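In this note's numbering, the protein residues as written are 1063 to 1462. Working notes, beginning with the structure itself.
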């Protein structure tokens, strides 16, 4: 692939600088806000400290090369730690409006905020020498114990209810790919027990199309319902529950499977090729579902129409999420596809520039209309760590 033109290089550099400026703008005394403060953002709760958003932002801030952002990268982690539940769970978000902090743990519980908090502490320590793992040793142990209480004692995979991770109006439940990719990453970062068992069973449950035959009878039963009818057989299933599963093609979950070490080299290239064939990065990276769940599907839930938001090619059900695009770029770099990573970084900058550098939350998967909240912090942060992945030519997630 030819080198980018000077104009393309200039756009990437402008996006990097604007991403830094946006994160500066979205900083608060308690940490990074989910989006730029304003009446609409406040009304929709985007001026809170979100666990997953803040953790992803912390990685981009630590890799930004900007001293103020690097110093502030852990601020939200402190806020989240201060509102940890007695049982060890980290809140989905902490609302800080009017000077009163209030933790929220979501309707059915939010499982991934705790995972992302743990990941951010470890990565900030490794990137910045911040010693957060020593400072929060007791709270880390409680958070890990809370997660272990939700781990299946044979599969060593986390179990969850639907609508309880980042895709919080999607019906993924039981064993969920996205969540368990993060769990495997946590196990590597903290040298937890059964990491290889988690990896083995994740591959057998979420990709039952390979040559490995599950020995455990429960795994054979779950795979029985999948093998004959599942679509998108080059990808991991989005979730596996008793007698039903998700074959819509969860792009974020499959990208994280690469970055968090679930895949081998062959699986990495199989997934990236399948996602490219599906066009999830056309014209911008990336659509988060290959085949959206339609209203006629047995997986459709009434809550998916909440705010008229999660119909086909919208929001979590096939919308284009630029922050996930940052992970897509990082996965290309982790796979050694550096030229592809560079060209995808340019497309990510082009998406950020839409609407006069709106850094909009998501785009409609077909019409490309700008949707959601503008000034989204994790879009800016994801661009920064994607930029670092391209320039440093390494897997930023291989730490630990």
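Heads up, the beta-carbon is just placed ideally off N, CA and C, and yes, glycines get one too. Quick caveat: nothing in here was measured; it's all calculated off a predicted structure.
I'd like the span of the beta strand (DSSP E) that includes residue 1308, first residue to last. Segment 1306-1308, the beta strand (DSSP E) holding residue 1308.
7 angstroms Cβ cutoff met for residue 1205 and residue 1180: Yes, they are a contact pair.
Taking contact to mean 3 or more Cβ pairs, one atom from each stretch, closer than 8 angstroms, check whether the segment 1326-1345 and the segment 1198-1214 are in contact. Too few Cβ pairs lie closer than 8 angstroms, so no.
Own chain, CB closer than 7 angstroms to residue 1226, minus 5 neighbours either side, in chain order: Correct list, in chain order: 1168, 1170, 1171, 1172, 1173.
Once the 5 residues before and after residue 1123 are set aside, which same chain residues still bring their CB inside 7 angstroms of it? Result list for residue 1123: 1085, 1131, 1132, 1134, 1135, 1443, in chain order.
With respect to the alpha helix (DSSP H) encompassing residue 1242, which residues constitute its N-terminal and C-terminal limits? For residue 1242, the enclosing alpha helix (DSSP H) starts and ends at 1239-1251.
With 16 as the cutoff for other CB atoms within 10 Å, does residue 1075 come out buried or exposed? When all chains shown are included, residue 1075 counts as exposed.
With DSSP collapsed to three states, give me the class of residue 1380. If DSSP states are grouped into helix, strand and coil, residue 1380 belongs with the strands.
In the structure shown, what three-state DSSP assignment does residue 1192 receive? Looking at residue 1192 - three-state DSSP - the assignment turns out to be coil, as it is neither helix nor strand.
What does the alpha-carbon distance come out to for the pair residue 1404 and residue 1367? CA-to-CA, the gap between residue 1404 and residue 1367 works out to about 37 angstroms.
Does DSSP put residue 1407 in a helix, a strand or coil? In this structure, residue 1407 counts as helix in the three-state DSSP scheme.
Give every residue of the same chain whose Cβ lies closer than 6 angstroms to the Cβ of residue 1067, excluding the five residues on either side of it in the sequence, and list them in chain order. The answer is none, since no qualifying residue turns up.
Bridge partners of residue 1397, per DSSP? Secondary-structure assignment with DSSP links residue 1397 through no beta bridge to anything.
Rounded C-beta distance between residue 1195 and residue 1183? I'm assuming under 8 angstroms. Confirmed, Cβ separation roughly 6 angstroms.
Going straight from the alpha carbon of residue 1262 to that of residue 1105, what length do you get? Rounded to whole angstroms, residue 1262 to residue 1105 spans 44 angstroms at the Cα level.
I think residue 1229 touches residue 1438, with their Cβ atoms under 8 angstroms apart; what is that distance to the nearest whole Å? Their Cβ separation, rounded to whole angstroms, is 16 angstroms, which puts residue 1229 and residue 1438 out of contact at 8 angstroms.
Look up residue 1064 in the DSSP assignment and say whether it is helix, strand or coil. Annotation note: pLDDT 49 at residue 1064 (below 50); position unreliable, no value reported.
So, for residue 1070: in the same chain, excluding its five sequence neighbours on each side, which residues have a beta-carbon less than 6 angstroms away from its beta-carbon? Taken in chain order, the residues that qualify are 1408.
Which same chain residues end up closer than 7 angstroms to residue 1388 when comparing Cβ atoms and leaving out the 5 residues on each side of it in sequence? So the list reads 1410, 1444, 1445, 1447, 1448, once near-sequence residues are dropped.
Status (buried if at least 16 other CB within 10 Å, exposed otherwise) for residue 1345: In this structure residue 1345 is exposed. Its beta-carbon is surrounded by fewer than 16 other beta-carbon atoms within 10 angstroms.
Those residues which DSSP pairs with residue 1111 across a bridge: 1156.
What's the C-alpha gap between residue 1462 and residue 1257? Here residue 1462 scores only 47 on pLDDT, less than 50, and its place in the model is too uncertain to base an answer on.
Any contact between the segment 1285-1304 and the segment 1338-1358? By contact I mean 3 or more CB pairs, one from each, below 8 angstroms. Contact between the segment 1285-1304 and the segment 1338-1358 is established, with three or more Cβ pairs separated by less than 8 angstroms.
What residue from 1386, 1375, 1399 has the CA that sits closest to residue 1431's CA? Taking the Cα of residue 1431 as reference, the smallest distance to any Cα among 1386, 1375, 1399 is reached at 1375.
C-beta atoms of residue 1118 and residue 1424 nearer than 7 angstroms: No, the pair does not count as a contact, with Cβ atoms beyond the cut-off.
Once the 5 residues before and after residue 1015 are set aside, which same chain residues still bring their CB inside 6 angstroms of it? Nothing about residue 1015 can be reported from this structure: the residues present for the chain run from 1063 to 1462 only.
Can you tell me where the alpha helix (DSSP H) with residue 1441 in it begins and where it stops? 1439-1454 is the span of the alpha helix (DSSP H), which, as asked, contains residue 1441.
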